[in-house]
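J.: Please see the structure below; I have some questions.
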Amino acid sequence: MLRNLLAPTSIAAAILLSACGGGSTNEPVDAVAEQTPSRIQMNFLGRYESGVFGESAAEIPAVDIVSKRGFVVNSEKGALDVLDLSVPASPKLLSTLRVSDINGIPANAVVNSVASKNGLVAIAIESNPKTDPGFVALYRASDLALLDFIEVGAQPDMLVFTPNGSQLLVANEGEPADDYATDPEGSVSVIDVSLPSKLSLRTASFRAFNDQVQLLRQQGVRIFGRNATVAQDLEPEYIAVSPDSKTAYVSLQENNAMAVIDLATARVSKVLPFGYKDHGVMGNGFAANDKDTGVSIALHPGVLGMYQPDAIAVHQFNGVDYVVTANEGDAREWGDFVEEIRVNKLFSESNAIFASPPKDLASLAGGAILNPATFAYCGASQTSPGNCLANEVLGRLNVTWTQGYQRNVDGTPKLYTQLGELADANTAKADTRLMYDNVYSFGARSMSVFSGNTGALVWDSGDFIEQYTGGDLCKAGVLRDTLCKSFFNSGHDKVALNDRSDNKGPEPEGIVLGQIGSKTFAFLGLERVGGVMAFDISDPRNPVFQDYLNTRDFSVAKPAAASGDLGAEGLAFVPSALSPTGKPLLITGHEVSGTTSVYEVVGK
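Below, the structure is given as structure tokens:
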């Protein structure tokens, strides 16, 4: 895998920059006028420091090239910071835009996301409570004059302009209330911005799929919320739009699926499952133990990774849309509904009863068994999980209890006794066990490419991210003077080897595409250990690794303002033709450090 990803490639086709998310400038580039690099490297140029650490003071960035302004979601303020990017090496705060100034927006509403195009800036506004309808407001980028605002669905988050600039799409995530008493529907608002001072919208709803719940589940779409309809359970996370502005692709992260929307009709045409990654197959290994004292990337048969991408982007190649994904992973936890559990808590020695299980799990059975047909390799039997629960095997891994166990034809759990025999109608619930054929972990610790038409997996980076950051080639820091593997899978809240190995690893979250010459590159942000990876995806069927830049200072033992950049969240790409420096720029928001950094992308 490492050799393939590092191998050179040559693609001659010139492809215009595609729409790739809320942070993209989405402007066309003259690919002929720009030299095509053999490879690229990212160099740190400068950063803006909000001075607020650990409070999500810099999340999603967007850029308006004409006014040379950057716009960064500051969740700590519930507002939008406006930066002067005329000198990219020294970004400066110009002002802060607060939605409380808008007459008609509820008190305590907050800014969730931002997008910019053609001199316009759009922000997504979440109401308080979040289950109420939210809003989208549209501003003129040059002077921040409010042009109009419009009500949308509950919890509007990521938003993006179509490449032709005629429409603005927002993902209304519709998460349930913290006590799960209210669960609004997820949806996508399709807003007409052709007349910026008079917005109108259509809503792409999932209600038409409410009577297809069993079919969707059989296909692999995760629909598992408490008493939820399909429309309530599907939670749009991120949107990417095809270069012809005709089709939108929407990641449904918790559902491990993707929706396809026909923008001419604002109708959801498909809900496609992403499927699962087999961590028992060569090249798909991962580090599963946060107590390990070294880097231990291994195969784990019986563990299936849910891709669950956060950010996605679209790259069109030979007339076909390919969806590029950052496979972060995410678990649901609302009130007493908790789906995440460690393997050594879900299963126990001698198939004993659950110890303090989540409420919804306890309602199903009294305990759980690992199917020896799958897990015999680590000692599982009908009566004991054997060595599978050891820390160095699977014991510390966080998985979902909601899937993997055997079911009857009607979808109810197939129950066993603690001896591994089928339970009968007279068996007390406390004596029944769920039989897990597989366990499902969150995220795939990778970047993937899927067919936009069918949802089929075209390419996946496998275990490359962990192999690289855990190897001798990887160097972190602005000067690339720190061996990455010394801090392998550190979290962003502390410097500790393997801190996140039990839970989504490096956690790829943000992604943006950018064109340089005739090549298209994907920039992938790693939320936990930090940094950005770059891949040449000119041929999306065969991406090639280019560079990794992590501007975090690992010498600061307890993460603080002196740590540099922590918690890479959103990314925006500025092509060379529109850059103040004449070279491509990458703008990265870091939610933990509250910093917005500027990287220069140079050809080699």
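For the sequence shown, counting from 1, position 278 maps to 298 in the working numbering; every step adds exactly one.
No residue lacks a Cβ here, since even glycine has one placed at the ideal position from N, Cα and C.
Quick caveat, the model's predicted, so the values are computed rather than measured.
Let me know if Leu-605 comes out buried or exposed under the rule of 16 or more other beta-carbons within 10 Å of its beta-carbon.
T.: Within the sequence shown, residue 605 is the residue found at index 585, counting from 1. The residue in question, Leu-605, is buried, as its Cβ has 16 or more Cβ neighbours within 10 Å.
J.: Report yes if the C-beta distance between Val-241 and Pro-256 is below 7 Å; otherwise report no.
T.: Position 221 of the sequence shown holds residue 241. Position 236 of the sequence shown holds residue 256. Taking 7 Å as the Cβ cut-off, Val-241 and Pro-256 do not qualify as a contacting pair.
J.: Can you tell which of Ile-281, Asp-253, Gln-273 and Val-250 has the C-alpha that lies nearest to the C-alpha of Val-261?
T.: Residue numbering aside, residue 261 sits at position 241 when the sequence shown is read from its first letter. Ranking Ile-281, Asp-253, Gln-273 and Val-250 by Cα distance to Val-261 puts Ile-281 first.
J.: Does the separation of the CB atoms of Pro-183 and Ala-144 fall below 7 Å?
T.: In the sequence shown, residue 183 corresponds to position 163, counting from 1. In the sequence shown, residue 144 corresponds to position 124, counting from 1. Contact: no.
J.: For Pro-563, I'd like the list of residues in its chain whose CB is within less than 8 Å of its CB, leaving aside the five on either flank, ordered along the chain.
T.: If you number the sequence shown from 1, residue 563 lands on position 543. Result list for Pro-563: Leu-25, Met-467, Val-469, Trp-479, Ser-481, Ala-542, Phe-555, Asp-556 and Ile-557, in chain order.
J.: Below 8 Å, can you find three or more Cβ-Cβ pairs linking the region 295-313 to the region 398-414?
T.: Yes: the two stretches touch, three or more of their Cβ pairs being nearer than 8 Å.
J.: Taking contact to mean 3 or more Cβ pairs, one atom from each stretch, closer than 8 Å, check whether the region 442-456 and the region 483-494 are in contact.
T.: Judged by Cβ distances under 8 Å, the region 442-456 makes no contact with the region 483-494, as fewer than three pairs qualify.
J.: Excluding the five sequence neighbours on either side, which residues of its own chain have a C-beta within less than 6 Å of the C-beta of Lys-524, listed in chain order?
T.: The residue you call residue 524 lines up with position 504 of the sequence shown. Once the five neighbours on either side are set aside, the close Cβ partners of Lys-524 are Gly-349, Phe-462 and Gly-463.
J.: Hey, quick one: how far does the alpha helix (DSSP H) through Tyr-327 stretch, first residue to last?
T.: Locating residue 327 in the sequence shown gives position 307, where the first residue counts as 1. Looking at the DSSP string, Tyr-327 is not in any alpha helix (DSSP H), and its letter there is neither H nor E.
J.: In three-state terms, what does DSSP make of Tyr-488?
T.: Here residue 488 refers to the residue found at position 468 of the sequence shown. Looking at Tyr-488 - three-state DSSP - the assignment turns out to be helix.
J.: With a threshold of 8 Å on Cβ separation, who are the neighbours of Lys-624 within its own chain once the five nearest residues in sequence on each side are excluded?
T.: Position 604 of the sequence shown holds residue 624. Closer than 8 Å at Cβ, skipping near neighbours: Pro-57, Ser-58, Arg-59, Ile-60 and Gln-61.
J.: Under a three-way DSSP split, which group does Arg-59 fall into?
T.: Taking the sequence shown and counting its residues from 1, one reaches residue 59 at position 39. Coil at Arg-59, not helix or strand.
J.: Could you name the residues of the same chain whose beta carbon sits closer than 8 Å to that of Gly-399, not counting the 5 residues immediately before and after it, in chain order?
T.: Counting from one through the sequence shown, the residue named residue 399 turns up at place 379. Taken in chain order, the residues that qualify are Pro-405, Gly-406, Asn-407 and Cys-408.
J.: Using alpha carbons as the reference points, say which of Ser-87, Thr-223 and Asp-513 lies closest to Ser-136.
T.: On the sequence shown, residue 136 is found 116 positions in, with the first residue counted as 1. The shortest C-alpha separation from Ser-136 is found at Ser-87.
J.: Tell me, which residues are paired with Thr-615 by DSSP?
T.: Looking up residue 615 in the sequence shown gives position 595. BP columns for Thr-615 point to Glu-69 and His-610.
J.: Excluding the 5 residues preceding and the 5 following Val-576 in the sequence, name in chain order all residues of the same chain whose CB lies nearer than 6 Å to its CB.
T.: Mapped onto the sequence shown, residue 576 falls at position 556. Hits under 6 Å: Ala-582 and Ser-583.
J.: DSSP on Asp-203, reduced to helix/strand/coil?
T.: The residue given as residue 203 occupies position 183 in the sequence shown. Asp-203 falls in the coil class under three-state DSSP.
J.: Roughly how far, in whole angstroms, is the beta-carbon of Gly-194 from the beta-carbon of Ser-207, given that I think they are within contact range, below 8 Å?
T.: By 1-based counting over the sequence shown, the position of residue 194 is 174. By 1-based counting over the sequence shown, the position of residue 207 is 187. 7 Å between Cβ atoms; contact.
J.: Considering only C-alpha positions, which residue in the set Pro-204, Val-250, Asn-347 and Arg-160 is nearest to Gly-154?
T.: Taking the sequence shown and counting its residues from 1, one reaches residue 154 at position 134. Selected option, being the one with the closest Cα: Pro-204.
J.: Can at least three beta-carbon pairs, one atom from the region 385-401 and one from the region 328-340, be found at a separation below 8 Å?
T.: Because the criterion of three Cβ pairs below 8 Å is not met, the region 385-401 and the region 328-340 do not touch.
J.: Taking the runs of the beta strand (DSSP E) that are 3 residues or longer, which of them lie wholly in the region 130-173?
T.: List check, beta strand (DSSP E) in window: 130-137, 140-146 and 153-160.
J.: Please state whether the Cβ-Cβ distance between Gly-609 and Glu-79 is less than 7 Å.
T.: Position 589 of the sequence shown holds residue 609. Position 59 of the sequence shown holds residue 79. For Gly-609 and Glu-79, yes; Cβs fall inside 7 Å.
J.: From Arg-561, Gly-322 and Gly-295, pick the residue whose C-alpha is nearest to that of Asn-347; which is it?
T.: For this step, residue 347 is matched to residue 327 along the sequence shown. Closest by alpha carbon: Gly-295.
J.: Per DSSP, Gly-550 forms a beta bridge with which residues?
T.: As a working mapping, residue 550 is identified with position 530 in the sequence shown. None; Gly-550 has no bridge partner.
J.: Could you tell me the distance, in whole angstroms, from the CA atom of Asp-50 to the CA atom of Lys-603?
T.: If you number the sequence shown from 1, residue 50 lands on position 30. If you number the sequence shown from 1, residue 603 lands on position 583. With a pLDDT of 47 at Asp-50, under the threshold of 50, the predicted position of this residue should be treated as unreliable, though the coordinate-derived value follows. Distance between the alpha carbons of Asp-50 and Lys-603: 14 Å.
J.: CA-CA distance, Thr-616 and Tyr-460?
T.: As a position in the sequence shown, residue 616 is number 596, starting the count at 1. As a position in the sequence shown, residue 460 is number 440, starting the count at 1. Answer to the nearest angstrom: the Cα atoms are 35 Å apart.
J.: Evaluate Val-180 with the Cβ neighbour count: other Cβ atoms within 10 Å of its Cβ, from every protein chain shown; 16 or more gives buried, anything less gives exposed.
T.: As a first step, residue 180 is located in the sequence shown; it is residue number 160 there, counting from the start. So Val-180 counts as buried.
J.: For Asp-451, name the three-state secondary structure that DSSP assigns.
T.: Taking the sequence shown and counting its residues from 1, one reaches residue 451 at position 431. In the structure shown, Asp-451 sits in a helix (DSSP, three-state: H, G or I).
J.: Measure the Cβ-Cβ separation of Ala-443 and Leu-435 and say whether it is below 7 Å.
T.: Sequence index remark: in the sequence shown, residue 443 carries index 423 (1-based). Sequence index remark: in the sequence shown, residue 435 carries index 415 (1-based). Yes, the pair counts as a contact, with Cβ atoms nearer than the cut-off.
J.: Nearest to Arg-427 by alpha carbon, out of Asp-152, Asp-198 and Arg-237?
T.: What you label residue 427 is simply residue 407 of the sequence shown in a count that begins at 1. Residue Arg-237 is the option with its Cα nearest to Arg-427.
J.: If we count the other Cβ atoms within 10 Å of its Cβ and call it buried at 16 or more, is Arg-561 buried or exposed?
T.: By one-based count along the sequence shown, residue 561 stands at place 541. Looking at its Cβ environment, which holds fewer than 16 other Cβ atoms inside 10 Å, Arg-561 is exposed.
J.: Using alpha carbons as the reference points, say which of Ile-211, Val-130 and Asp-559 lies closest to Asp-168.
T.: In the sequence shown, counting from the first residue as 1, residue 168 sits at position 148. Nearest C-alpha to Asp-168: Ile-211.
J.: If distances are taken between C-alpha atoms only, which option among Leu-117, Val-134, Tyr-159 and Val-344 comes closest to Pro-216?
T.: Taking the first residue of the sequence shown as position 1, residue 216 is located at position 196. Per the Cα distances, Tyr-159.
J.: Name the DSSP beta bridge partners of Trp-354, please?
T.: Against the sequence shown, residue 354 aligns to sequence position 334. Looking at the DSSP assignment, Trp-354 forms a beta bridge with Phe-357.
J.: Please determine, among Val-621, Asn-364, Lys-379 and Pro-526, the residue with the shortest C-alpha to C-alpha distance to Thr-540.
T.: The count along the sequence shown starts at 1 and reaches residue 540 at position 520. Selected option, being the one with the closest Cα: Val-621.
J.: Judging by CA-CA distance, which residue of Asp-430, Asn-418 and Val-323 is the nearest neighbour of Tyr-397?
T.: In the sequence shown, residue 397 corresponds to position 377, counting from 1. Answer by Cα proximity: Val-323.
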